[in-house]
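Undergrad: This is the structure I want to talk about, given as structure tokens.
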Amino acid sequence: MKSRKIFLAAALVIILAVTGFYCYVRPKYIVPVLMYHHIDEKGKISSLSVSAENFRRQMRFLSEHNYNVIPLAGLVQAKLEKKRLARNTVALTFDDGYEDNYLAAYPVLKKYNLPAVIFVIAGSVGEEGYLNYEQIKEMAASGVIDIGSHSLSGAYLPGRGARELEREIGLSKKTLEAELNNRIGFFCYPIGGFTSGIQEIVKRYGYSAACTTNRGKRQTYLNDDLFALKRIKIKDSANPFVFRAKLSGYYNFFRRVREPY
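No gaps in the numbering here: position 96 of the sequence shown is 105 in our numbering, and each next residue is one more.
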């Protein structure tokens with residue numbers, strides 16, 4: 010009898026602990042914004058690349074499990090309107106504007122009708138290994154791909170002079186808009202680094218939002234700052250379990266947050 014009471018008491022404690030943890034964590038949910046760089050078809054896997062095979066598998070998973078993959082613009086608008094999104098919502102982003110984004114990623118995204126934004130280093134367009142404007146225009150016209158700025162040179166911005174920051178942030182936007190005849194609404198801080206002053210320049214040039222990596226203040230893990238949207242890096246080593254965990258909406262709450270600069 011005594012052992013039964015102990016068992017019931019222990020069970021009650023466990024139930025209360027799990028319920029309390031669930032009630033505490035549930036409001037911490039945020040829409041995950043995934044970050045890719047290279048999509049590699051040649052077997053040259055690095056910390057910035059995901060194999061084409063794994064990428065296809067991941068995108069197929071999103072499609073087959075009916076994830077609500079939305080454009081970054083949709084996420085920003087929902088935040089502005091304080092609109093609650095479904096808990097299977099996710100946004101996709103690519104950094105640097107590598108040519109393999111067109112060759113390996115774009116056909117898969119188009120096949121499954123999964124929107125994404127590619128942050129292009131404006132000064133690298135047309136260089137070897139990078140997208141050219143014909144490829145960028147084709148993707149932008151598809152309705153699947155949005156184009157954002159990843160600065161003019163891809164340089165780490167904190168510590169740069171005022172004139173250089175104006176070029177990296179402002180001229181990159183003007184260059185891309187002139188070439189594409191379309192508004193560039195999003196900026197991405199190279200290597201994720203930013204300061205409050207850099208954020209103000211981004212706002213002044215008319216960007217709607219800006220992405221970082223896992224940089225920012227701990228209390229902003231809910232991604233309420235539209236000019237410091239945290240993202241989740243996807244590595245080739247991410248097995249299906251890890252990929253699902255990063256899609257859960259709670260990954261930002263548990264992971265380490267780095268300083269903005």
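We treat Cβ as the ideally placed atom computed from N, Cα and C, and that holds for glycine.
1. For phenylalanine 64, which three-state DSSP category applies?
2. I'd like to know whether the C-beta of leucine 161 is nearer than 8 Å to at least one C-beta of chain D.
3. Are tyrosine 214 and glycine 194 closer than 8 Å when you measure CB to CB?
4. Okay, do the stretch 140 to 153 and the stretch 198 to 211 touch, 3+ Cβ pairs below 8 Å being the bar?
5. Identify the residues that DSSP records as bridge partners of methionine 44: which are they?
6. Closest to alanine 247 by CA distance: which of Ser56, Val134 and Tyr198 is it?
7. Which residues in the same chain have their Cβ closer than 8 Å to the Cβ of isoleucine 54, if we skip the five residues on either side of it in sequence?
8. Counting Cβ pairs, one atom from each stretch, are 3 or more of them under 8 Å apart for the stretch 177 to 195 and the stretch 141 to 151?
9. Excluding five sequence neighbours on each side, which residues of the same chain lie with their C-beta closer than 7 Å to the C-beta of valine 117?
10. Tell me, please, which residues DSSP counts as bridged to isoleucine 127.
11. Consult DSSP for lysine 255 and reduce its assignment to one of helix, strand or coil.
12. Cα separation between leucine 89 and valine 40?
13. Are the stretch 73 to 84 and the stretch 110 to 124 touching, with three or more C-beta to C-beta distances below 8 Å?
14. Using CA coordinates, which residue listed in Arg93, Thr222 and Asp49 is at the minimum distance from glutamate 108?
15. Just to confirm before moving on: does the CB-CB distance between arginine 177 and serine 160 stay below 8 Å?
16. Whole angstroms is fine: what's the gap from phenylalanine 252's alpha carbon to leucine 71's?
TA: Inspection of the coordinates gives the following:
1. For the purposes of this step, residue 64 is taken as residue 55 along the sequence shown, with counting starting at 1. If DSSP states are grouped into helix, strand and coil, phenylalanine 64 belongs with the helices.
2. Any reference to chain D falls outside this structure, which holds one protein chain only.
3. Stepping through the sequence shown from its first residue, residue 214 is reached at position 205. Stepping through the sequence shown from its first residue, residue 194 is reached at position 185. Inclusion of tyrosine 214 and glycine 194 in the CB contact set at 8 Å is not warranted, their separation being larger than that value.
4. no
5. Translated into positions along the sequence shown, residue 44 becomes position 35. Bridge partners of methionine 44: Thr102 and Lys242.
6. If you number the sequence shown from 1, residue 247 lands on position 238. Comparing Cα-Cα distances from alanine 247 to each of Ser56, Val134 and Tyr198, the minimum goes to Ser56.
7. Residue numbering aside, residue 54 sits at position 45 when the sequence shown is read from its first letter. Once the five neighbours on either side are set aside, the close Cβ partners of isoleucine 54 are Ser60 and Asp245.
8. yes
9. Position 108 of the sequence shown, counted from the start, is the residue given in the question as residue 117. Phe64, Arg65 and Met68.
10. Sequence index remark: in the sequence shown, residue 127 carries index 118 (1-based). Residue pairing by DSSP places isoleucine 127 opposite Phe103 and Ile156 in a beta bridge.
11. On the sequence shown, residue 255 is found 246 positions in, with the first residue counted as 1. The answer is helix: DSSP assigns lysine 255 an H, G or I state.
12. Counted from its first residue, the sequence shown places residue 89 at position 80. Counted from its first residue, the sequence shown places residue 40 at position 31. Rounded to whole angstroms, leucine 89 to valine 40 spans 14 Å at the Cα level.
13. Counting Cβ pairs under 8 Å, three or more are found: they touch.
14. If you number the sequence shown from 1, residue 108 lands on position 99. When each option's Cα is compared against that of glutamate 108, the closest is Asp49.
15. Within the sequence shown, the letter at position 168 stands for residue 177. Within the sequence shown, the letter at position 151 stands for residue 160. Correcting the residue identity first, residue 177 is glutamate in this sequence and not arginine. Yes, these two residues count as a Cβ contact at 8 Å.
16. Reading the sequence shown from its first residue, position 243 is the one you call residue 252. Reading the sequence shown from its first residue, position 62 is the one you call residue 71. Approximately 10 Å between the Cα atoms of the pair.
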